[in-house]
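In the working numbering, the protein residues as written are 168 to 646.
We put the beta carbon where it would ideally sit given N, CA and C, even for glycine.
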Ligand code: GLC
């Protein structure tokens, strides 16, 4: 039986701040469904923000002390079985009983402790994985510690490491004064971690991992170029022989319009007329006119620049000349929050802005809208376009990263599953929106498109097979 340990800083339903949480909450289940000989477990911090009803169900396994440079810190281990996957939680209230997952002054120390604990607790939980699969900069040190400190010890010697980059923008960059004092590393490790005169944890993991993956094939190519690499293209170019892009999937049961209890009305591709009920209820809830034939365009996103919202601000007035309604759900930069609030004030009959991270409302919008606007400047994978498709809401996307890999324009020869534009400009975005709005008027053709995208397979199945194949090759030393 092959043993895999996922190391991550978030997982649905225990803690999530974005797509990473969705992936860690669903990929292990899919891997297991694909290969029942896998013993796959997940390890993550025990945050104070965890829902108390879940927290009460965890069982205490043991506690130990973990040393990090001159410190010795308490480390509790809890466990919980969820959807046939075993989760371990690293407990230390000083580090993890905070109001937020990240963005704390001592994130470097918090996640260094977590990564050290991951390696230290393996003998205690009696789980030495064949493959340790770590995700994003917060867990980069688990890969670095394995390579620089633990491989020399017999029981850790055969563990292979996989490191997945979910977004290269976040790298864990710190000053060198942290090397010994916080990261518990020495002068010999400098060359591994150094980048542009700083410690760069992501760069260290890129160098130390046996295998690197990112979350779409196109993003795997994009990050080799300075336009997308946030400075790391040289290092990635040197390591591209071990870099693979695998598209994320979505949990088809969690996002299932025919069973989703959060929706106003359930429907499937056989009953898309019932999607109209959800649309009318959504319009009522958001105090927009209940106009059945006015297309509702949704933006469900963090309100930050790389999501392409600068294009939306430029094109908004022109889009609003059409007979459309726009619904914006999300939180983020002050500039975008105030722009979209202002737009809703100026167009109360056409625009509704809700500045929240609200998963229930998000599902109701996915179901009730007609189109999803996702013009990201760069997008490693993106999940919203896949979720929208599952709910029969047609994506309008900029051709980048995972958006390009998942959505093809309806004007392509083979017929696509959305509206796309390749040049990152407000004009091109506007043209795509106008094409969508114009096609929407032809109810028969539009309904065919809605049915088609609902049937598109965005499940984890294919990607799970690709991960399993990589794990197998790695185990057989084929890299
Ligand atoms: C990050 C990326 C997003 C991706 C998600 C899950 O949030 O920005 O594109 O879908 O990780 O891999």
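- The continuous alpha helix (DSSP H) containing residue 553 extends over residues 551-557.
- For residue 285, there is no enclosing beta strand (DSSP E); the residue is found in the alpha helix (DSSP H) stretching over 274-287.
- Per DSSP, residue 351 is not a residue of any alpha helix (DSSP H), being assigned neither H nor E.
- The beta-carbon separation of residue 465 and residue 593, rounded to 19 Å, does not stay under the 8 Å limit for a contact.
- In this structure, residue 380 lies near residue 331, with their beta-carbon atoms less than 8 Å apart.
- Collapsing the DSSP output to three states places residue 489 in coil.
- DSSP places residue 598 within a helical segment (H, G or I) once states are collapsed to three.
- Unbroken beta strand (DSSP E) stretches of 3 residues or longer found wholly inside the segment 387-464: 410-412, given in chain order.
- Boundaries of the alpha helix (DSSP H) harbouring residue 189: 186-201, taken from the DSSP string.
- Between residue 572 and residue 385, the CB-CB gap stays under 8 Å.
- Checking the 7 Å criterion, the Cβ of residue 499 is out of range of every heavy atom belonging to the ligand GLC.
- In this structure, residue 179 has its CB at a distance of at least 7 Å from all heavy atoms of the ligand GLC.
- In the DSSP assignment, the residues bridged to residue 178 are 182.
- Of all residues, those with a beta-carbon under 7 Å from at least one heavy atom of the ligand GLC are 185, 186, 187, 189, 190, 333, 334, 382, 415, 546, 547, 548, 549, 550, 568 and 569, reported in chain order.
- Closest in C-alpha terms to residue 455, from the list 536, 316, 544 and 244, comes 536.
- Residue 170 and residue 389 have their C-alpha atoms roughly 32 Å apart.
- Between the alpha carbons of residue 402 and residue 372 lies a distance of about 11 Å.
- Under DSSP, residue 539 forms a beta bridge with 465 and 562.
- Residue 231 and residue 288 do touch by the CB rule: their CB atoms are close to 7 Å apart, below 8 Å.
- According to the DSSP assignment, residue 306 belongs to no alpha helix (DSSP H), since it is labelled neither H nor E.
- Secondary structure at residue 477: helix, using DSSP grouped into helix, strand and coil.
- Between residue 429 and residue 531, the CB-CB gap stays under 8 Å.
- Taking every protein chain shown into account, the CB of residue 354 has fewer than 16 other CB atoms within 10 angstroms, so this residue is exposed.
- Per DSSP, the unbroken alpha helix (DSSP H) holding residue 634 starts and ends at 628-642.
- When the Cα atoms are used, residue 599 and residue 605 turn out to be separated by approximately 10 Å.
- Residue state for residue 230 is assigned as strand, using DSSP reduced to three classes.
- Between the segment 273-283 and the segment 319-338, the count of Cβ pairs shorter than 8 Å is below three; the stretches do not touch.
- Under the three-state reduction of DSSP output, residue 617 falls in the helix class.
- Across the structure, residue 239 and residue 259 are spaced so that their CA atoms are roughly 12 Å apart.
- As DSSP reads the structure, residue 341 sits in a beta bridge with 366.
- Boundaries of the beta strand (DSSP E) harbouring residue 247: 238-249, taken from the DSSP string.
- Comparing alpha carbon positions, the residue from 215, 568, 424 and 633 closest to residue 545 is 568.
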